[in-house]
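*Asks:* Chains as they are written, first to last, in the working numbering: chain A, 26 to 183; chain B, 26 to 183; chain C, 13 to 120; chain D, 13 to 120. Glycine included, each C-beta is placed from N, C-alpha and C at the ideal position. So that we are looking at the same thing, I have put the structure below in C-alpha cells.
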Amino acid sequence: MSYDKDGAAEILPPQAMSGPLKFQITMASDPRLLAVVRSTISELAAVWGLGDEGCRGVTRAVDEALSNIIRHAYKNRSDGEIELSCRTDADCLEFTFVDRGEPADRSRICAQPLDDTSLCGRGTHLIRQIMDQVYYERVGEVNRLRLKKYLPGAKRKA
Amino acid sequence: MSYDKDGAAEILPPQAMSGPLKFQITMASDPRLLAVVRSTISELAAVWGLGDEGCRGVTRAVDEALSNIIRHAYKNRSDGEIELSCRTDADCLEFTFVDRGEPADRSRICAQPLDDTSLCGRGTHLIRQIMDQVYYERVGEVNRLRLKKYLPGAKRKA
Amino acid sequence: MKTAIRERSGSTIVDVTGDIDMGTSPSFRKTLLESLKNTPRLVVNLREVLYVDSSGIASLVEVLKEARKAEKRLVLIGLNAPVHEVLQLTRLTRIFEIRETEEAALES
Amino acid sequence: MKTAIRERSGSTIVDVTGDIDMGTSPSFRKTLLESLKNTPRLVVNLREVLYVDSSGIASLVEVLKEARKAEKRLVLIGLNAPVHEVLQLTRLTRIFEIRETEEAALES
Ligand SMILES: Nc1ncnc2c1ncn2[C@@H]1O[C@H](COP(=O)(O)OP(=O)(O)O)[C@@H](O)[C@H]1O
Ligand SMILES: Nc1ncnc2c1ncn2[C@@H]1O[C@H](COP(=O)(O)OP(=O)(O)O)[C@@H](O)[C@H]1O
C-alpha cells in the first residue's frame, strides 16, 4: 500500500544538515524500549533541523509503528527483533522498519473510521496523518514498513 | 588493557528491569550524532533503573568513548561506521563499541596526569572514573572497546 | 508512568506523571477504571504527561464510555501541547470534557 | 549550541545555550577566545548548558590560560549539576573562578 498526503507545513527546513547521516537501531520488541526510541528520534529530528512540532510528529509516527510491530507482528512477544533505519535526503526523511513477525493484514490498516469512540484502530491513522508516504511490503520472511516525510519546499516524487 | 575500580555508589539498582534488553546502534562517525546517542543512552539508563547521576555518568562515558573513536580511530572522518551494543545483566551494564578505524596507541591512553592544565587527555580518564572496567582490543581489522559498570551490591567478577 | 490518587470536593483526582504508551497504558487504564467506581467525577491531571500514544487515547475513550454508562463525569486537565495535538489528530477534542485547571474542573 | 554576547559594567558576558561536545566545542572555543580580546573580564554564563564534554573542558582551560597570560579574568557562572560534576571529575573546580550569579561575577 502507498499513500500520499498534502501539506507538511509543520516541518522546518533541515538547516543543521549537510549530508546523509546513517543511524540505525536494532532492538528487542520490548515496550520498555519505546521511550528510548522516542527520545532518540526526537533528538535526531532536531539534528535534522525540524521544529518542535515536526520533531513530535515523526517521533509519534515511529512510536506508533513500533507499537504495531510489537503488538501485531510479534503478538506482544518481547524477544523479537526490530531493525529501524533512519535516513535523510535533501528533500525527505525516511524511516524503515524490518521485523520477522507475522505478515500484516492490509485490509485492517486504517480500517476503522476516525471520529468515533472505538477502542482501537487509531495508530495507523496517526501514522498516515503525520507522514507523507507509508509503504508496507512482505519480503520473504520479513515485513518491511517505510515511512517517508517530505521537507517543505521539496519536490515530491512518487 | 583492563581496569577495575571501587565504589559505584551513584548507581541505583535496576528496579525497572526484569531481563536482558537488546539495544544496538549502528551510526556514522559524525559528531552531530553525539547528541542523539546521549539522549538515547540517558533514557536507556533510566529504563535500566539508574538514578539521575548514574544516567549522567554512563551517558558521559559513552559520549567520550564515541568522541575518541571519531577523533582518533577515524581521524575526524564522518563517514566511518560505529557499532554500539548495549547490554544489561542482573549485575552490570555493558557497552561495546566496534569500529574499523586506526588501532589505538595504548601507551597514550590515560597518559596525561589529571589536575594540570593540559589541553587534552581528559576523555580516557573520565571514562575510567565512571566505569568499572574498560577493555580495549584489536581484533583483525576492527577495534573493540568494552565499558562495564557494576550495579551496587553486585558481585564483581574479573 | 506513575499515578497518584487524591480526593477533593467530592471528586477523585488522578495525577499522572510520565509517558503513556503501549507499555504503560494498561496500568493507566486500570487505575482510571478503578478510581471511577468510587466517585461521581473523575479528574485526570495530565500536566506532567508529555506523550500519549493511541493506546493511551483508547484507554481514555474506554473510561469515558464507562463514565457515561454510569452517568458519571470524566474531566481532563493540564493538557500539554503534545497531548492536545494527539486529541486533535484523532478528532476527540470535542468528545472529552477538557478544563485548564483543577479549580475549573471542580467548579462546573 | 548557541552563544550570545553582551557587555555589562565593563565586562563581556557570553550566554551559552545547548550542549558543548566534540561537534560544538570548536565554535565555543572560538567565540570565547575572540571575546576575551576586547575585555578585561570575560563572564561565561552556562545556565542553559546541561552537558560539557572533555573537549569543552579543554576549551575552557585554553581560554583560562590566555586570560592569565593577558592578565585578564575568566569567570564561570550558572553551573548546572552535570557541568559542576565534570569539573570535579577532572579536578578543575579550584582552577576556575566560579560564581553563582552574574551579579556576583561583576561585583568581585
Ligand atoms: N506492523 C503490523 N503488523 C501486522 N498488522 C498490523 C501492523 N500494523 C497494523 N496492523 C493491523 O492494522 C490494524 C489497525 O492498526 P492500528 O490503527 O494501529 O490500531 P490497533 O493497533 O489499535 O488495532 C491492526 O489491528 C492490525 O490488524
Ligand atoms: N578510540 C581510540 N582510538 C585510538 N586512539 C585512542 C582512542 N581513544 C583514545 N585514544 C588515544 O588516547 C589518547 C588520550 O585520549 P583522551 O584521554 O580521550 O584525550 P584526547 O582525546 O583529548 O587526546 C588520545 O590522544 C589517543 O592517542
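With 16 as the cutoff for other CB atoms within 10 Å, does Ser132 (chain B) come out buried or exposed?
*Replies:* Against the second sequence, residue 132 (chain B) aligns to sequence position 107. So Ser132 (chain B) ends up on the exposed side.
*Asks:* Pull up the distance between the alpha-carbon of Leu44 (chain D) and that of Leu91 (chain D), whole angstroms please.
*Replies:* Position 32 of the fourth sequence, counting from 1, holds the residue named residue 44 (chain D). Position 79 of the fourth sequence, counting from 1, holds the residue named residue 91 (chain D). Roughly 17 Å between the two C-alpha positions.
*Asks:* Can you pull the chain A neighbours of Thr65 (chain B), defined as C-beta to C-beta under 7 Å?
*Replies:* As a working mapping, residue 65 (chain B) is identified with position 40 in the second sequence. Going along chain A in sequence order, the residues near Thr65 (chain B) (Cβ under 7 Å) are Val61, Ser64 and Thr65.
*Asks:* Give the range of the alpha helix (DSSP H) segment to which Phe108 (chain C) is assigned.
*Replies:* In the third sequence, counting from the first residue as 1, residue 108 (chain C) sits at position 96. Here Phe108 (chain C) belongs to no alpha helix (DSSP H), and DSSP marks it neither H nor E.
*Asks:* For Leu76 (chain D), count the other beta carbons within 10 Å of its own beta carbon; 16 or more makes it buried, fewer makes it exposed. Which is it?
*Replies:* Reading the fourth sequence from its first residue, position 64 is the one you call residue 76 (chain D). That one is buried.
*Asks:* With DSSP as the reference, label Glu114 (chain C) as helix, strand or coil.
*Replies:* Counting from 1 along the third sequence, the entry for residue 114 (chain C) is found at position 102. Glu114 (chain C) falls in the helix class under three-state DSSP.
*Asks:* Which runs of the beta strand (DSSP E) fall wholly inside the segment 124 to 182 of chain B and span at least 3 residues, in chain order?
*Replies:* DSSP runs (the beta strand (DSSP E)) wholly in the segment 124 to 182 of chain B: 158 to 164 and 167 to 175.
*Asks:* Is any non-hydrogen atom of ligand 4 found closer than 7 Å to the C-beta of Leu44 (chain C), if you look at the structure I gave you?
*Replies:* Here the bound small molecules are ligand 1 and ligand 2; ligand 4 is not part of this structure.
*Asks:* For ligand 2, I want to know if Leu170 (chain B) counts as a neighbour, meaning its beta carbon is within less than 7 Å of at least one of the ligand's heavy atoms.
*Replies:* As a position in the second sequence, residue 170 (chain B) is number 145, starting the count at 1. Indeed, a heavy atom of ligand 2 lies less than 7 Å from the Cβ.
*Asks:* If you draw a straight line from the alpha carbon of Asp6 (chain B) to that of Leu170 (chain B), how long is it in whole angstroms?
*Replies:* Residue 6 (chain B) lies beyond the stretch modelled for chain B, which goes from 26 to 183, so this question has no answer here.
*Asks:* Are Ile25 (chain C) and Glu114 (chain C) close, meaning C-beta to C-beta below 8 Å?
*Replies:* Along the third sequence, read from residue 1 onward, the residue named residue 25 (chain C) stands at position 13. Along the third sequence, read from residue 1 onward, the residue named residue 114 (chain C) stands at position 102. In this structure, Glu114 (chain C) lies closer than 8 Å to Ile25 (chain C) by Cβ.
*Asks:* For Asp119 (chain B) versus Val61 (chain A), is the C-beta distance shorter than 8 Å?
*Replies:* If you number the second sequence from 1, residue 119 (chain B) lands on position 94. If you number the first sequence from 1, residue 61 (chain A) lands on position 36. Sequence check: residue 119 (chain B) is Glu here, not Asp. Not in contact: Glu119 (chain B) and Val61 (chain A) (Cβ atoms no closer than 8 Å).
*Asks:* For a quick check, are the C-beta atoms of Ala172 (chain A) and Met156 (chain A) less than 8 Å apart?
*Replies:* Taking the first residue of the first sequence as 1, we reach residue 172 (chain A) at position 147. Taking the first residue of the first sequence as 1, we reach residue 156 (chain A) at position 131. At residue 172 (chain A) the sequence reads Leu, which differs from the Ala that was named. Yes, the pair counts as a contact, with Cβ atoms nearer than the cut-off.
*Asks:* Would Arg18 (chain D) and Leu118 (chain D) qualify as a contact pair, given that the criterion is a beta-carbon distance under 8 Å?
*Replies:* Your numbering for residue 18 (chain D) matches position 6 in the fourth sequence. Your numbering for residue 118 (chain D) matches position 106 in the fourth sequence. Cβ distance not < 8 Å, so Arg18 (chain D) and Leu118 (chain D) don't count as in contact.
*Asks:* Please check the pair Ile69 (chain C) and Arg147 (chain A), which I expect to be a contact at CB under 8 Å, by giving their CB distance rounded to whole angstroms.
*Replies:* Your numbering for residue 69 (chain C) matches position 57 in the third sequence. Your numbering for residue 147 (chain A) matches position 122 in the first sequence. Their Cβ separation, rounded to whole angstroms, is 6 Å, which keeps Ile69 (chain C) and Arg147 (chain A) in contact under 8 Å.
*Asks:* Within 10 angstroms of its Cβ, does Met26 (chain A) collect 16 or more other Cβ (buried), or is it exposed?
*Replies:* For the purposes of this step, residue 26 (chain A) is identified with residue 1 of the first sequence, where counting begins at 1. With a pLDDT of 39 at Met26 (chain A), under the threshold of 50, the modelled position of that residue is not reliable, and no figure is offered here.
*Asks:* How would you call Gly126 (chain B), buried or exposed, if buried means at least 16 neighbouring beta carbons within 10 angstroms?
*Replies:* Residue numbering aside, residue 126 (chain B) sits at position 101 when the second sequence is read from its first letter. Per the 10 Å Cβ criterion, buried.
*Asks:* Note down the Cα distance separating Asn93 (chain B) from Phe122 (chain B), rounded to an integer number of angstroms.
*Replies:* For the purposes of this step, residue 93 (chain B) is taken as residue 68 along the second sequence, with counting starting at 1. For the purposes of this step, residue 122 (chain B) is taken as residue 97 along the second sequence, with counting starting at 1. Rounded to the nearest angstrom, the two C-alpha atoms are 11 Å apart.
*Asks:* Please list, in chain order, the chain C residues whose beta carbon lies closer than 7 Å to that of Glu89 (chain A).
*Replies:* Indexing the first sequence from 1 puts residue 89 (chain A) at position 64. The answer, in chain order, is Asp65 and Ser66.
*Asks:* When the Cα atoms are used, what is the spatial distance from Asp27 (chain D) to Leu58 (chain D)?
*Replies:* One-based indexing of the fourth sequence puts residue 27 (chain D) at position 15. One-based indexing of the fourth sequence puts residue 58 (chain D) at position 46. About 7 Å.
*Asks:* Using a C-beta cutoff of 8 Å, does Gln137 (chain A) count as contacting chain C?
*Replies:* Residue 137 (chain A) sits at position 112 when you count from the first residue of the first sequence. With 8 Å as the cut-off, Gln137 (chain A) does not count as an interface residue toward chain C.
*Asks:* Could you tell me the boundaries of the alpha helix (DSSP H) in which Asp114 (chain A) lies?
*Replies:* Against the first sequence, residue 114 (chain A) aligns to sequence position 89. First-last for Asp114 (chain A): undefined, no H or E at that position.
*Asks:* Could you have a look at Ser23 (chain C) and say whether DSSP puts it in helix, strand or coil?
*Replies:* As a working mapping, residue 23 (chain C) is identified with position 11 in the third sequence. In the structure shown, Ser23 (chain C) sits in a strand (DSSP, three-state: E or B).
*Asks:* Report buried or exposed for Thr149 (chain A), applying the criterion of at least 16 other Cβ atoms within 10 angstroms of its Cβ.
*Replies:* By one-based count along the first sequence, residue 149 (chain A) stands at place 124. Result: buried.
*Asks:* Go ahead and label Leu101 (chain C) buried or exposed: buried means 16 or more other beta carbons lie within 10 angstroms of its beta carbon, across all protein chains shown.
*Replies:* Translated into positions along the third sequence, residue 101 (chain C) becomes position 89. Label assigned to Leu101 (chain C): buried.
*Asks:* Can you tell me the Cα-Cα spacing of Gln199 (chain A) and Lys174 (chain A), whole angstroms?
*Replies:* The requested residue 199 (chain A) does not occur in the structure, where chain A is confined to residues 26 to 183.
*Asks:* With the cut-off set at 8 Å, would you say Ile107 (chain B) and Asp124 (chain B) are in Cβ contact?
*Replies:* Your numbering for residue 107 (chain B) matches position 82 in the second sequence. Your numbering for residue 124 (chain B) matches position 99 in the second sequence. The answer is yes: Cβ separation under 8 Å.
*Asks:* When the cut-off is 8 Å and only beta carbons count, does Ile95 (chain B) lie next to chain D?
*Replies:* Taking the first residue of the second sequence as position 1, residue 95 (chain B) is located at position 70. True, the Cβ-Cβ gap to chain D drops below 8 Å.
*Asks:* Figure out for me which residue from A:Tyr160, A:Ala53 and A:Pro128 has the closest Cα to the Cα of Arg102 (chain A).
*Replies:* Taking the first sequence and counting its residues from 1, the one referred to as residue 102 (chain A) is at position 77. Closest option to Arg102 (chain A), Cα to Cα, is A:Ala53.
*Asks:* Which of helix, strand or coil does DSSP assign to Asn9 (chain D)?
*Replies:* Look at the range of chain D in this structure, 13 to 120, and you will see that residue 9 (chain D) is not part of it.
*Asks:* Taking just the CA atoms, how far does Val98 (chain D) sit from Leu139 (chain B)?
*Replies:* By 1-based counting over the second sequence, the position of residue 139 (chain B) is 114. By 1-based counting over the fourth sequence, the position of residue 98 (chain D) is 86. Rounded to the nearest angstrom, the two C-alpha atoms are 12 Å apart.
*Asks:* Sorted by chain position, which residues of the same chain lie with C-beta nearer than 6 Å to Ile50 (chain B)'s C-beta, five sequence neighbours on each side aside?
*Replies:* By 1-based counting over the second sequence, the position of residue 50 (chain B) is 25. Closer than 6 Å at the Cβ level, and outside the excluded window around Ile50 (chain B), lie Leu109.
*Asks:* Is Lys42 (chain C) helix, strand or coil by DSSP?
*Replies:* Taking the first residue of the third sequence as 1, we reach residue 42 (chain C) at position 30. Lys42 (chain C): helix per DSSP, three-state reduction.
*Asks:* Please report how far the alpha carbon of Tyr63 (chain C) lies from the alpha carbon of Ser23 (chain D), in whole angstroms.
*Replies:* If you number the third sequence from 1, residue 63 (chain C) lands on position 51. If you number the fourth sequence from 1, residue 23 (chain D) lands on position 11. Their backbone Cα atoms lie some 43 Å apart in a straight line.
*Asks:* Grouping DSSP H, G and I as helix and E and B as strand, with all else coil, what is Arg80 (chain D)?
*Replies:* Here residue 80 (chain D) corresponds to residue number 68 of the fourth sequence, with the count starting at 1. Correct three-state label for Arg80 (chain D): helix.
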